[in-house]
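Written below as structure tokens is the structure these notes are about.
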Amino acid sequence: MISDLPCELETEILSRVPPKCLEKLQTSCKRWYVLFKDPKFVKKNSDNAAKEVILHMDFRVHSMNFNLQGAHKGAYPLMKSTGKLRYGFGYGKSKSSSRSYKILRSTRLKNDQGSISVYCEMYEFSSDSWRVILGDHTNIDWGRFPEVSLKGNTYWIAADRKVLGGLCILRFVFTTERFVSFTLPRESGDTQNSMASVSLVREEELAVLLYDFDAFPRQMKVWLSNKIDDPKEVSWTKFLVEDCNIFGYPRYFEGMSFMVDEKNKVVVCCSRGIIA
2 MISDLPCELE
12 TEILSRVPPK
22 CLEKLQTSCK
32 RWYVLFKDPK
42 FVKKNSDNAA
52 KEVILHMDFR
62 VHSMNFNLQG
72 AHKGAYPLMK
82 STGKLRYGFG
92 YGKSKSSSRS
102 YKILRSTRLK
112 NDQGSISVYC
122 EMYEFSSDSW
132 RVILGDHTNI
142 DWGRFPEVSL
152 KGNTYWIAAD
162 RKVLGGLCIL
172 RFVFTTERFV
182 SFTLPRESGD
192 TQNSMASVSL
202 VREEELAVLL
212 YDFDAFPRQM
222 KVWLSNKIDD
232 PKEVSWTKFL
242 VEDCNIFGYP
252 RYFEGMSFMV
262 DEKNKVVVCC
272 SRGIIA
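Sequential numbering from 2 applies to the sequence shown in this note's numbering.
Right, here's the structure in full:
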């Protein structure tokens, strides 16, 4: 009987029960009702909860629980990408330090002469309305690459049309509603003929996966950002170098999603038909 358990053990067991199940249990007895309202218990229950991640794979977004020690089949699509529209999620910061949550929507348009323009709109939750973001965004193409959100801003790997084959990191700052680009981490000997993908580490750092087509031997490199706030002062640390032959043909790197576990020094890569 659970009533025979020490209070400390009972609390420890209940702290590992999912919150939705606790809602059904809070009317079981007065002691549990009081316990579930205790801020210390709420925090402990939250700390013990299974961590969820958002996975962007093959240009679709999935919500999933991820456990390196076992399989999980709980991934499901949240949003269908049309290939014509791209979205970014974030928030702006006001003078009062309050957050204003927003959605960026962009689409690439081509006129009769073949010229491409980028049309951007902003949705604000506070006003429940869309408006146009003015500016010239034609030099950057981020249509093929998945995005991540970090500290209120959205990041893409983008192709810079001013540089032949050149890739960069594109950031949209929701506070100023402006795009900022900065260079990818590279070493001496790296070429512009490469593929790249971007991810997050502990919701605190950016991680960049790079594959250089012209390098020999072919290798995948993963870099972690030390400082990302100022594009002029961004710094990177090389986290992992791995033989690319394990992935076969390099087409798998286009739009590849990946996750970094710093503690166990593991990188999990997900792409079309492979998880490595």
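Positions of the beta carbon are idealized from the N, C-alpha and C atoms, including for glycine.
Could you check where the beta strand (DSSP E) with Ile-134 kicks off and where it finishes? As a first step, residue 134 is located in the sequence shown; it is residue number 133 there, counting from the start. Ile-134 -> beta strand (DSSP E) spans 130–134.
From the DSSP secondary-structure annotation, give me the bridge partner or partners of Val-35. Sequence index remark: in the sequence shown, residue 35 carries index 34 (1-based). According to DSSP, Val-35 bridges with nothing at all.
Using the Cα positions of Phe-67 and Ser-236, report the straight-line distance between them to the nearest angstrom. Translated into the one-based positions of the sequence shown, residue 67 becomes position 66. Translated into the one-based positions of the sequence shown, residue 236 becomes position 235. Here Phe-67 scores only 48 on pLDDT, less than 50, and its place in the model is too uncertain to base an answer on.
Indicate whether Thr-155 and Gly-89 have their beta-carbon atoms separated by less than 7 Å. Stepping through the sequence shown from its first residue, residue 155 is reached at position 154. Stepping through the sequence shown from its first residue, residue 89 is reached at position 88. Yes, these two residues count as a Cβ contact at 7 Å.
Three-state secondary structure (DSSP) of Lys-228: Position 227 of the sequence shown, counted from the first residue, corresponds to residue 228. Here Lys-228 sits in strand by DSSP.
For Val-174, the nearest candidate out of Thr-108, Ala-159, Arg-32 and Leu-151 (CA to CA): Residue mapping note: residue 174 aligns to position 173 of the sequence shown, counting from 1. For the residues Thr-108, Ala-159, Arg-32 and Leu-151, the minimum Cα distance to Val-174 belongs to Leu-151.
Status (buried if at least 16 other CB within 10 Å, exposed otherwise) for Val-149: Position 148 of the sequence shown, counted from the start, is the residue given in the question as residue 149. Buried is the call here.
Nearest-angstrom Cα distance between Cys-121 and Arg-87? Looking up residue 121 in the sequence shown gives position 120. Looking up residue 87 in the sequence shown gives position 86. Going from the Cα of Cys-121 to the Cα of Arg-87 covers about 9 Å.
Measuring only the C-alpha atoms, how far is Val-119 from Gly-91? Taking the sequence shown and counting its residues from 1, one reaches residue 119 at position 118. Taking the sequence shown and counting its residues from 1, one reaches residue 91 at position 90. Going by the C-alpha atoms only, they are around 20 Å apart.
Kindly indicate which three-state DSSP category Thr-12 falls into: helix, strand or coil? On the sequence shown, position 11 is the one that residue 12 refers to. The answer is helix: DSSP assigns Thr-12 an H, G or I state.
For Leu-207 and Ser-182, believed in contact at Cβ under 8 Å, the rounded distance: Here residue 182 refers to the residue found at position 181 when the sequence shown is read from its first residue. Here residue 207 refers to the residue found at position 206 when the sequence shown is read from its first residue. That belief does not hold up - the Cβ atoms of Ser-182 and Leu-207 are roughly 14 Å apart, past 8 Å.
The alpha helix (DSSP H) enclosing Ser-47, as first and last residue numbers: Within the sequence shown, numbered from 1, the residue matching residue 47 stands at position 46. From DSSP, the alpha helix (DSSP H) with Ser-47 extends over 40–49.
In angstroms, rounded to a whole number, what distance separates the CA positions of Glu-11 and Pro-40? Position 10 of the sequence shown, counted from the start, is the residue given in the question as residue 11. Position 39 of the sequence shown, counted from the start, is the residue given in the question as residue 40. Each residue's Cα considered, the two are about 17 Å apart.
Leaving aside the five residues before and after Arg-132 along the sequence, list all residues of the same chain whose C-beta is less than 6 Å from its C-beta, in chain order. Locating residue 132 in the sequence shown gives position 131, counting from the first residue. Excluding positions up to five away in sequence, the list reads Met-123.
Taking the alpha carbon of Arg-187 as the reference point, which residue from Ser-16, Leu-110, Ser-101 and Phe-240 has its own alpha carbon closest? Residue 187 sits at position 186 when you count from the first residue of the sequence shown. Closest option to Arg-187, Cα to Cα, is Phe-240.
For Leu-105, which residues does DSSP report across the bridge? What you label residue 105 is simply residue 104 of the sequence shown in a count that begins at 1. Note: Leu-105 sits in a beta bridge opposite Gly-89 and Met-123.
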